[in-house]
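Converting from the sequence shown to my numbering requires adding 36 to each position, the first position being numbered 1.
Using N, Cα and C, we set each Cβ at its ideal position, and we do this for glycine too.
What follows is a short report on a single structure.
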Amino acid sequence: FKDSANLYKIIDVFFSKNAAYSVYSYYDENVFGCFRAFYSKFCINCYNSSNLSGCLETDSSARSSGCYFCHNVENLQDALFCSNVKNLRYAVGNVEVGREEFLRIKEILLEYIREKLAKEGKLELDVYNIGCVGGK
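Structure representation (structure tokens):
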């Protein structure tokens with residue numbers, strides 16, 4: 037826990053602050069539920085990634101911000117449900133859709149997440165099962 041502050045239920049976190057339920061976090065700020073996140077900030081449930089900002093349920097990714105449910109992406113800004121792509125902005129499912137359409141779809145996703153959390157207190161979706169909602 038070298039040179040770290042405000043930690044809760046963490047393992048091997050170094051040079052980080054405001055981290056909870058995380059493992060192997062280095063130089064992170066304000067991360068929750070992350071595993072092997074490096075140089076990242078304001079992330080929830082991000083795994084095996086570096087240099088992320090404002091991401092949720094993102095895995096094996098780098099130098100990206102505003103990514104939700106993304107896997108193996110690099111240099112993305114504002115992306116939903118993307119995988120194995122680089123250098124996109126306002127993208128949904130690996131397709132750039134423009135700012136307005138992106139914000140419309142993101143609001144639908146956020147409303148779904150808010151309702152699930154309010155009703156059930158948990159979110160069954162994660163980056164690994166997002167394609168299996170409804171058991172199909």
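query: Beta-carbon proximity of I80 to G69, cut-off 7 Å; result: yes
query: Cβ-based neighbour list, N130, same chain, cut-off 6 Å, excluding 5 preceding and 5 following; result: C118 and V121
query: Cβ neighbours of K77 in the same chain (closer than 6 Å, five flanking residues each side left out); result: E65, N66 and S89
query: 3 or more residues per run - each beta strand (DSSP E) lying fully within the stretch 114-162; result: 125-128
query: Residue environment, C103, which counts as buried when at least 16 other CB atoms sit within 10 Å; result: buried
query: Residue of V49, K53 and C106 minimising C-alpha distance to N165; result: C106
query: Residues near V109 in its chain [Cβ-Cβ closer than 6 Å; skip 5 each side]; result: S97, S100, C118 and V121
query: Chain-order list of residues whose beta-carbon lies under 7 Å from that of V183 (same chain, five-residue window excluded); result: Because the chain spans 37 through 172 in this model, residue 183 falls outside it and cannot be assessed.
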